[in-house]
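Chemist: So that we are looking at the same thing, I have put the structure below in structure tokens.
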Amino acid sequence: MNNVQASISVLGTSALLFEAPGEMTLESQQRIWALAREAQSWPEVREAVPGMNNLMLSFARAPRTLGDLEARLQAAWLAARPLPLEGRVVELPVVYGGAGGPHMGDVVAHTGMGIDEIIERHSAPLYPVYALGSHPGYCYLGGMDPRIATPRRKVPVVSIPGGAVSIGGAQTGVSASEGPSGWNTIGSTSMRFFDPAQDPPALLRPGDSIRFRVEKVIR
Amino acid sequence: MTISNSDRVRQLVDWLSETDIARLELRGPGESICLQREGGRIVVAPDEPALATEDAPSVAATAASVGVFLHRHPLRDAAIAETGTAVRCGQIVGLLQIGALLLPVTSPCDGVVAAMLLEHGATAGYGERLVELHPLPAGA
Amino acid sequence: MIEILSASALATVQDLGRTGALRWGVGTSGAMDPLALAAGNILLGNDEGAAAVEVPVFPFQVRFAQDCAFAVTGADVAARLDDEPLLPWWSTLARAGQVLQLGLPQGGTWRASRAYLCVAGGIDVPPALGSRSTQLRGAFGGHEGRALRQGDSLRVGAASDARCGKGIGLVPPALALPLQLDDLPAIRVLPAAQYTNYTEASRATFWSEPWKITAQSDRYGYRLSGTRLEAVSALEMRSHGIVPGVIQVPPGGQPIVQMRDAQPSGGYPKLGTVIEADLWRLGQAPIGGRVRFVETNWDDAMAALAQTRRWLDEVRRLVELQRSQRGGR
């Protein structure tokens, strides 16, 4: 196991941020899940929230001094074994391109690939859900093909609808509700990802996986 | 029977007409009336703020507890009740601060604010007189 | 019921925020000035976290459909009940049919920007995920997950006590817990993970210069303008959890402070985080106004949090004492 010290920093007095060292891999993320499960039981912690190979501990009661909590966190990371959460595979039908994929052209331009190859590479993998964040029901996914990576937009779009399938840097994701975005939107899906009346309210959780199914291509 | 009762006023007007008195002011608790000769007749003089004169009876708003007396709200620059202004019974004329709390200092009657009896920021004892007022007739 | 008469934008139902839902990508929302909201509730005998109406744009008018004790805290907005001027941070009893008008924030001794209409019993909207705060992204919580519009009606909960303190007030925390630097509101900040990724000159600038709150500021984030801040290197960061108060510096060099409706995670470098105890000070700083940032440490930040807690406890103690004295019997 990687014994390089992880980085721990504070987010004001509201939370502690733990960043795992090394490459972002599924195994490392599974250790983050294990760490989250352990830390969720600590009295200082209100929520242990996994990110992309990192973990935020929001405080129920911020400790008077940090040393003990930091040491406990480092020790728990060293002891954390990958937690192979077994989830469901959710298949999302996607309409690629067209009005729902306004930035497909930018991905084409950046990668030098044609639309069909981009769609092929985007829809091939099974994407594990690493974490939820950003907005209600939104999933951070791992496993995107690095060859279709496209940098975040210089000028974010003020509003993209829920269901927008986008590429931001080396990541891909699906927007769960209307809002601004700096990612490149290449398609759309009609799946509902969040319902506050349900328990749990989010459709997906860490350990689930998403597969994008090509429903239609609009050129 | 009050002095401003209309039958009583008529009686007073009739009586005064028989005399050569030029002006009569009558005061009772909380009310007053002024009759004067104009031309050949006795008339009721209009209410004048001057009725609340220096030697008129005064009342005071008092401190309901120990606290710091404030003329103005801490967020504001202007006094809550400027001297010379008319206030209604129950209207806030100052504040009493107890730590974080602010209690109202209210006027015990309809009246005119005559004077702040304690400086802004000074400590008041229980029952201490804080704001002097000259009462006005009911409905004035 | 309270009927919204104004067409003014951006008023929302808020409480102290939605916690425990970060795991689903749901941020806290909640009042930008939680001290004003909590204190207004205490004045009326409510739980501290009862829901109220946060009003950032004025004038604003409501009608009380039934008798209702209320208090307007936060900015002094020259409130009037029918034609009667009200004191700020003061509990009042409205009779059915009376209209409450909130005017423009007054200058006075404290420049603030948001007012809170608190009512005895709290604003009674259905809780979503344990809170009555409005979650604008995703459109749930508060009143139908959106800002209030003319014609909306809000239910009022049952007041806890008929003797709730009518006709008493509070000295606002801006005066009880003052914090200024060079006549500007001072906001304490703890450095964050990428603090040393900014040049020494930029770090010095951050602490020593005033920052203007631009018109592009809102509940999602405050965009500040001032001297351009330079990073030592361009960092590509993994998405990670953030909290209200996190200060990010995009490539343009102008800092953005994430506020109550900010998304709960992000991938931008962080210079520092406004401490929880001072978020209300920033939340009340007006658009166009300027603030100063003050570097602090963990101990002092924790002491500041304890201080706000003590202030609220003192308020509750005094209000309850007053209520029991008035109750007599």
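Residue numbers (the numbering used here), protein chains in the order written: chain E, 10 to 228; chain R, -18 to 121; chain S, -1 to 327. All C-beta atoms in this analysis are idealised placements derived from N, C-alpha and C, irrespective of residue type, glycine included.
1) Compare the Cα-Cα distances from residue 151 of chain S to each of S:70, S:60, S:81, S:221 and report the closest residue.
2) Just checking my contact of residue 67 of chain E with residue 23 of chain E at CB under 8 Å: how many whole Å lie between their CB atoms?
3) Does the Cβ-Cβ distance between residue 101 of chain S and residue 75 of chain S come in under 8 Å?
4) Quick one: any contact between the region 302 to 314 of chain S and the region 40 to 48 of chain S, if contact means 3 or more CB pairs under 8 Å?
5) When you compare the CB of residue 289 of chain S with every CB in chain E, is at least one pair closer than 8 Å?
6) Please work out which residues of its chain come closer than 8 Å, Cβ to Cβ, to residue 115 of chain E, disregarding the five sequence neighbours upstream and downstream, and give them in chain order.
7) Report the rounded CA-to-CA distance for residue 98 of chain R versus residue 62 of chain R, giving the unit in angstroms.
8) Going by DSSP, what residues sit across from residue 65 of chain E in a beta bridge?
9) Taking C-alpha atoms, which residue in R:85, R:70, R:-13 lies nearest to residue 116 of chain R?
10) According to DSSP, residue 17 of chain R sits in a beta bridge with which residue or residues?
11) For residue 12 of chain S, list the residues DSSP reports as bridge partners.
12) Within 8 Å of any Cβ in chain S, is that where the Cβ of residue 185 of chain R sits?
13) Identify, in the order they occur along the chain, each residue of the same chain with its Cβ nearer than 7 Å to the Cβ of residue 31 of chain R, setting aside the five sequence neighbours on each side.
14) Between residue 281 of chain S and residue 257 of chain S, how many whole angstroms is the CB-CB distance? I'm expecting something under 8 Å.
15) Within 8 Å (strictly less), CB to CB, does residue 17 of chain R reach chain S?
16) Identify the residues that DSSP records as bridge partners of residue 92 of chain S: which are they?
17) Quick one: is residue 111 of chain S buried, meaning 16 or more other Cβ sit within 10 Å of its Cβ, or exposed?
18) For the region 200 to 218 of chain E and the region 10 to 30 of chain S, state whether three or more C-beta atom pairs, one from each stretch, are separated by less than 8 Å.
19) Which residue wins for smallest C-alpha separation from residue 193 of chain S, given the options S:229, S:180, S:186, S:184?
20) Any C-beta of chain S within less than 9 Å: which residues of the region 77 to 93 of chain R qualify?
21) What are the partner residues of residue 218 of chain E, as DSSP defines its beta bridges?
22) Can you tell which of E:184, E:227, E:228, E:220 has its C-alpha closest to the C-alpha of residue 97 of chain E?
23) Whole-angstrom Cβ separation of residue 222 of chain E and residue 100 of chain E, contact assumed at under 8 Å?
24) Check distances from the C-beta atoms of the region 67 to 99 of chain S to those of chain R and list, in chain order, the residues that come in under 8 Å.
25) Excluding the five sequence neighbours on either side, which residues of its own chain have a C-beta within less than 8 Å of the C-beta of residue 175 of chain S, listed in chain order?
26) Starting from residue 174 of chain S, find everything on chain R with Cβ-Cβ shorter than 7 Å and list it in chain order.
27) Decide if the region 122 to 129 of chain E is in contact with the region 33 to 50 of chain E; the criterion is three or more beta carbon pairs, one per stretch, under 8 Å apart.
28) What are the residues of the region 104 to 119 of chain E that lie near chain S, defined by any Cβ-Cβ distance shorter than 7 Å?
29) CA-CA distance, residue 33 of chain R and residue 318 of chain S?
30) Count the other C-beta atoms from every protein chain shown that fall within 10 angstroms of the C-beta of residue 48 of chain E, then say buried if there are 16 or more, exposed otherwise.
31) So residue 39 of chain S is in the alpha helix (DSSP H); what residue range does that whole segment cover?
32) Run down chain S in chain order and give the residues with a C-beta less than 8 Å from the C-beta of residue 142 of chain E.
33) Taking Cβ to Cβ, would you say residue 41 of chain R is nearer than 8 Å to residue 110 of chain R?
34) Please identify, using Cβ separations under 7 Å, the residues of the region 34 to 49 of chain S that lie next to chain R, in order along the chain.
35) Below 8 Å on the Cβ atoms is my guess for residue 96 of chain S versus residue 79 of chain S; work out the distance and round it to an integer in Å.
Modeler: Quick look at the numbers:
1) With distances taken between Cα atoms, residue 151 of chain S lies closest to S:60.
2) 6 Å
3) yes
4) yes
5) no
6) 159, 162, 193
7) 13 Å
8) E:26, E:58.
9) R:70
10) R:4, R:24
11) S:50
12) Because chain R is modelled from -18 through 121, residue 185 of chain R falls outside the range shown and cannot be assessed.
13) Interpretation of residue 31 of chain R is limited by its pLDDT of 49, a score under 50 that renders its predicted location unreliable; no figure is taken from the coordinates.
14) 7 Å
15) no
16) Note: residue 92 of chain S sits in a beta bridge opposite S:66.
17) buried
18) yes
19) S:229
20) Taking 9 Å as the Cβ-Cβ cut-off against chain S, the residues of the region 77 to 93 of chain R that qualify are 78, 79, 80, 81, 82, 83, 84, 85, 87.
21) E:98, E:137
22) Distances from the CA of residue 97 of chain E to each of E:184, E:227, E:228, E:220 were compared; the closest alpha carbon is that of E:220.
23) 5 Å
24) 74, 85, 86, 87, 88
25) Residues 305, 306, 309 of the same chain have their beta carbon placed closer than 8 Å to that of residue 175 of chain S, with the five preceding and five following residues left out of the count.
26) Under the 7 Å cutoff, chain R gives 81.
27) no
28) none
29) Because the pLDDT of residue 33 of chain R is 46, which lies under 50, any placement of that residue in the model is unreliable, and the number read from its coordinates should be weighed accordingly. Cα to Cα, residue 33 of chain R sits roughly 40 Å from residue 318 of chain S.
30) Per the 10 Å Cβ criterion, buried.
31) 32 to 41 is the span of the alpha helix (DSSP H), which, as asked, contains residue 39 of chain S.
32) 20, 23, 237, 239, 261, 262, 263
33) yes
34) none
35) 6 Å
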